[in-house]
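So the sequence shown is numbered by full-length UniProt numbering: it starts at 1 and just counts up by one.
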Amino acid sequence: MALALAAEHVHTLEKAHDRKSFDCGNDDLNRYLREQARQDAERRVAAPFVLTQPGSPAVLGFYTLSASIIPVDELPPDLMKRLPRYGQLPVTLLGRLAVDRSVGGQGVGEFLLVDALRRSLEAAQQIAAMAVIVDAKDKRAESFYRHFDFRPFQQTPLRLFLPMGQIAKLFA
Ligand SMILES: CC(C)(COP(=O)(O)OP(=O)(O)OC[C@H]1O[C@@H](n2cnc3c(N)ncnc32)[C@H](O)[C@@H]1OP(=O)(O)O)[C@@H](O)C(=O)NCCC(=O)NCCS
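So, in structure tokens, the structure goes:
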């Protein structure tokens, strides 16, 4: 059956969501969803969002968003020179993003990434963030984000960013 990929199927993580069978192929991310994500939400250190299908509580994919800051001098010089010299700048951290293996390669990762970027853009209209940043778990994850135009930071390997201005153009 075709997957229903629409924003209405992305929800704030609730107790009723079935996280036990989730398997993205990465034990740390599986464990995070199972054991940590709800606590992070309760403590307000991360906002987890999950994709489900109508009539089923099974989580097919998830991502988390948090407010964060970055030192301005970690940005590439071409971007840095267009920004104020504030030392640190506000960003939105896409902390984790993963897709269940049963639906891998069907556009779910891209759908969740776009959903996360749209949500980040909307939030930034109320509380400013000048980019979305991600900490890729490994080289494969890094190449996934690079595929969507994320650029690497100068000093921190596997940390990438996408300027909010560029994200705004995606949804214009
Ligand atoms: C990485 C991950 C999220 C991709 O999800 P997915 O649903 O299989 O990916 P999609 O089907 O949406 O792929 C969308 C596009 O990204 C590309 N893509 C997928 N994984 C990629 C990778 N590792 N490197 C480069 N491109 C990749 C696809 O080829 C596709 O491109 P196209 O539209 O031009 O054909 C998924 O494999 C996963 O959960 N991995 C384990 C956890 C992880 O590494 N998370 C990311 C870092 S925290």
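All C-beta atoms in this analysis are idealised placements derived from N, C-alpha and C, irrespective of residue type, glycine included. The structure presented is a predicted model; accordingly, all values stated were derived computationally and were not measured.
Notebook entry, point to check: When DSSP labels each residue in this structure, what does ILE167 get in the three-state scheme?
Noted result: helix
Notebook entry, point to check: Cβ of HIS9 versus every heavy atom of ligand 1: is any distance shorter than 6 Å?
Noted result: no
Check: What residues match up with VAL132 in a beta bridge as DSSP calls it?
Finding: Note: VAL132 sits in a beta bridge opposite THR92, LEU162.
Item checked: Reduced DSSP category for GLY55 - H, G, I as helix; E, B as strand; rest coil -> coil
Next item on the list: Examine ligand 1 and report whether any of its heavy atoms sits within less than 6 Å of the Cβ of ASN26.
Entry: yes
Check: What are the start and end residues of the beta strand (DSSP E) that includes HIS11?
Finding: According to the DSSP assignment, HIS11 belongs to the beta strand (DSSP E) that extends over 10 to 12.
Notebook entry, point to check: Skipping 5 residues on each side, what residues in its chain have a beta carbon closer than 6 Å to that of HIS17?
Noted result: Taken in chain order, the residues that qualify are VAL50, PRO57, VAL59.
Notebook entry, point to check: If we ignore side chains and look at the alpha-carbon of each, how far apart do SER143 and THR64 end up?
Noted result: Near 19 Å, if we compare the C-alpha coordinates of THR64 and SER143.
Check: Quick one: Cα of ASP40 to Cα of MET80, how far?
Finding: 32 Å
Next item on the list: Taking only the alpha-carbon atoms, compute the straight-line gap between ILE133 and LEU112 and give it to the nearest angstrom.
Entry: 15 Å
Next item on the list: Let me know the secondary structure DSSP gives TYR63 once reduced to three states.
Entry: strand
Item checked: Cβ-Cβ separation, GLN53 to HIS9 (assumed contact under 8 Å), whole Å -> Contact flag correct, Cβ pair sits at about 7 Å.
Next item on the list: Taking only runs that begin and end inside the stretch 95 to 126, name each unbroken alpha helix (DSSP H) of 4 or more residues, in chain order.
Entry: 108 to 124
Notebook entry, point to check: How would you label SER120, buried or exposed, when you count the other beta carbons within 10 angstroms and need 16 or more for buried?
Noted result: With 16 or more other CB atoms across the displayed protein chains lying within 10 angstroms of its CB, SER120 is buried.
Item checked: For PRO71, the residue or residues it bridges with in DSSP -> GLN88
Check: What's the C-alpha gap between LYS169 and GLN155?
Finding: Spanning the two alpha carbons is a distance of roughly 27 Å.
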